[in-house]
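Note that this note's numbering gives residue 251 to position 42 of the sequence shown, counting from 1, and the numbers run on in steps of one.
Backbone N, C-alpha and C define an ideal beta-carbon position, used for all residues, glycine too.
No experiment lies behind these values; they were computed from the predicted model shown.
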Amino acid sequence: MATLAPSLLRNRSPHLRPFRPASDLRPVAELIETCFADTLDADGRRYVRQLRYIADNPALLRWRESGRQRGPVPEAGFVWEEDGRVVGNASLVPFHEGRTRRYLIANVAVLPAYRRRGIGKALTRACIGYALEHGNTPPWLHVRAENEEAIRLYRHAGFVEQARRDTWYSNGASQEVTLLDGMELVSRKRGDWPLQRQWFEAVYPPAIQWQFPVRTAWLRPGVGGWAARLWHGIFLRQWSLHYRGRLIGVLTWQSGAGRKTALWLSLHPAYEAMSIPVLLRFAHNRIRSSSLLALDYPAGRSTEAIARSGFKLHQTLVWMRWTP
210 MATLAPSLLR
220 NRSPHLRPFR
230 PASDLRPVAE
240 LIETCFADTL
250 DADGRRYVRQ
260 LRYIADNPAL
270 LRWRESGRQR
280 GPVPEAGFVW
290 EEDGRVVGNA
300 SLVPFHEGRT
310 RRYLIANVAV
320 LPAYRRRGIG
330 KALTRACIGY
340 ALEHGNTPPW
350 LHVRAENEEA
360 IRLYRHAGFV
370 EQARRDTWYS
380 NGASQEVTLL
390 DGMELVSRKR
400 GDWPLQRQWF
410 EAVYPPAIQW
420 QFPVRTAWLR
430 PGVGGWAARL
440 WHGIFLRQWS
450 LHYRGRLIGV
460 LTWQSGAGRK
470 TALWLSLHPA
480 YEAMSIPVLL
490 RFAHNRIRSS
500 SLLALDYPAG
510 RSTEAIARSG
520 FKLHQTLVWM
530 RWTP
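1) Beta-carbon within less than 7 Å of residue 359's beta-carbon, same chain only, minus the 5 sequence neighbours each way: which residues are those?
2) With H, G and I counted as helix, E and B as strand and the rest as coil, what does DSSP make of residue 516?
3) Can you name, in chain order, every residue of its own chain whose Cβ lies under 8 Å from the Cβ of residue 346, other than the five neighbours on each side?
4) Assuming residue 520 and residue 501 are in contact, meaning their beta carbons sit under 8 Å apart, how far apart are those beta carbons, in whole angstroms?
5) Which residues bound the beta strand (DSSP E) around residue 344?
6) In this structure, how does DSSP classify residue 351 when only helix, strand and coil are distinguished?
7) Which class does residue 328 belong to by DSSP, given the choice of helix, strand or coil?
8) Within its chain, find whatever has a CB closer than 6 Å to the CB of residue 476; leave out the 5 residues flanking it on each side and keep chain order.
9) Does DSSP put residue 523 in a helix, in a strand, or in coil?
10) Using 8 Å as the threshold, is the region 433-446 in touch with the region 509-518, meaning 3 or more CB pairs across them?
11) Quick check on residue 277: does DSSP put it in helix, strand or coil?
12) By DSSP, does residue 270 sit in helix, in strand, or in coil?
13) In whole angstroms, give me the CA-to-CA distance for residue 395 and residue 491.
14) Quick check on residue 262: buried or exposed, where buried means 16 or more other Cβ atoms within 10 Å of its Cβ?
15) Can you confirm whether the region 298-305 touches the region 246-260 when touching is taken to mean that 3 or more C-beta pairs between the two stretches lie within less than 8 Å?
16) Taking the C-alpha atoms as reference points, what is the distance between residue 234 and residue 299?
17) In the DSSP assignment, find the unbroken alpha helix (DSSP H) run with residue 402 in it and report its ends.
18) With H, G and I counted as helix, E and B as strand and the rest as coil, what does DSSP make of residue 259?
19) Can you find the residues in the same chain that come closer than 8 Å, C-beta to C-beta, to residue 363, ignoring five residues on each side of it along the sequence?
20) Residues in the same chain with beta-carbon distance under 6 Å from residue 438, minus the five sequence neighbours each way, listed in chain order, please.
21) Go through its chain and collect everything with a Cβ distance to residue 354's Cβ below 6 Å, but skip five positions before and after it.
22) Can you tell me the Cα-Cα spacing of residue 455 and residue 318, whole angstroms?
23) Go through its chain and collect everything with a Cβ distance to residue 440's Cβ below 8 Å, but skip five positions before and after it.
24) Give me the Cα-Cα distance between residue 226 and residue 435, rounded to the nearest whole angstrom.
25) Considering only residues of the same chain and omitting the five flanking positions on each side of residue 236, which have a CB-CB separation below 7 Å?
26) Once you ignore the five residues that flank residue 532 on each side, which residues in its own chain have a CB closer than 8 Å to its CB?
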C-alpha cells in the first residue's frame, strides 16, 4: 500500500497541512459543530465538548500525546487553512488488530463559504495517502445516505460502496411482550451457538466487524468466550427464542460504558419478522438500564418489524472503501 502513497501526497496546496492538536483542536471542534449542525446527535455533541475541554486543558493533551490515553483526539488528519483560520478538516481514526492496520476517514468538513473549490477532495486525498503510507489495507469512511453530494465526491476519489447500515434507537417506552403459542424465551444455551454464529455473521460479517464494538468470539459459550470477554472488558447477556422446539433467534445485550447499550440480533431468516418484535420488546422490559438501547442492522431490512418494537431509525450510513 505504501507504494501508492507518494502520488497522493505530492502537489499539495500550501493551504493544506497536517493536523496539529495543540493549535487546531478548538477550531476543528468549531468546524465540526458548524458543518454538522443539522445532524449532530448526543454523541456528536459530547465529542465536540470533549475536544473543547481538552483544548482548554493542555495537560490532558500532553497525557494523550504520551501514549497513555488515546481519548477523542484524532491520531492524525489534515486541515485547510485560509484567511488566517482553519476552514476545512479531515481526521483519521486508526484500527489495529494483530498485524492489520486500518484507517477510517472521519469528520470531513468544509465551511459553507469555502465549498465547491476542491477543498474536500484535497483533504480526502491527503488522508488516503496517509492511510496507505501508515496502514496496510485501504482506508474506509462512513457517510450519511442522504448526503448525495459527499457520496459523489468520495466515488470520484476512488471509494466504492461496501454496505449500508441502519442505526436504530429505542424510544424508551416499555413494550408489551406477546409470546405466540409454542414460543419459549430462555437464557442462551451452549447448543445454540452453531446456529447463532451462522446467523450473527450473516448480519455482521467478519470482514467488517472491526467497525463494530463486537466480535464473534465474544459471543461464544464456554471458557474461550469468557476469556475473550474478560480480556476486552466486555459484559454480555444473551437470550434464545425457540418456536415449537426450534431455535429461531438469539438476542445479545452488550453493556456499554456510555449512554448507549448495544443490542445484536442473530436470527433465522425465515422467522425474522416473527422474532424481532418479541426480542426487542423483551429487551425494553427485561434490561433495566438508564442507557439508550441501540441496534445496528442492514439498511432497509425488517424496518417495519423494528419500528413496531419501540425503535426509531436514527440514521443510515453508507460504508465505503477506497479501491486502487
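So, from the listed chains and residues:
1) When the five nearest sequence neighbours on each side are left out, the beta carbons in the same chain lying within less than 7 Å of the beta carbon of residue 359 are those of 352, in order along the chain.
2) The answer is helix: DSSP assigns residue 516 an H, G or I state.
3) So the list reads 210, 309, 310 and 311, once near-sequence residues are dropped.
4) Between the beta-carbon of residue 520 and that of residue 501 there is about 10 Å, and that puts the pair past the 8 Å contact cut.
5) No beta strand (DSSP E) holds residue 344; DSSP gives it neither H nor E.
6) Taken through DSSP and simplified to helix, strand or coil, residue 351 comes out as strand.
7) The three-state secondary structure of residue 328, taken from DSSP, is helix.
8) Shown here for residue 476: same chain residues with a beta carbon closer than 6 Å to its own, the five before and five after excluded, namely 408, 458 and 484 in chain order.
9) The answer is strand: DSSP assigns residue 523 an E or B state.
10) Three or more Cβ pairs closer than 8 Å define a contact, and the region 433-446 falls short of that threshold against the region 509-518.
11) Confidence in residue 277 is poor, its pLDDT being 47 and thus under 50, which makes the residue's placement unreliable; the coordinate value appears in the next sentence. Looking at residue 277 - three-state DSSP - the assignment turns out to be coil, as it is neither helix nor strand.
12) In this structure, residue 270 counts as helix in the three-state DSSP scheme.
13) Distance between the alpha carbons of residue 395 and residue 491 is about 11 Å.
14) Taking all protein chains shown into account, residue 262 has fewer than 16 neighbouring C-beta atoms within 10 Å of its C-beta and is therefore exposed.
15) Verdict: no, contact absent.
16) Residue 234 and residue 299 have their alpha carbons spaced roughly 12 Å apart.
17) That run of the alpha helix (DSSP H) goes 402-412.
18) If DSSP states are grouped into helix, strand and coil, residue 259 belongs with the helices.
19) Closer than 8 Å at Cβ, skipping near neighbours: 333, 350, 352 and 529.
20) Result list for residue 438: 427, in chain order.
21) If we look at residue 354 and ignore the five residues flanking it on each side, its Cβ neighbours are 525 and 527.
22) Between residue 455 and residue 318, the C-alpha separation is close to 50 Å.
23) There are no such residues.
24) Cα atoms of residue 226 and residue 435: separation of roughly 45 Å, rounded to the nearest angstrom.
25) Within the same chain, residue 236 has close Cβ partners 294 and 295.
26) Within the same chain, residue 532 has close Cβ partners 347, 367, 368 and 369.
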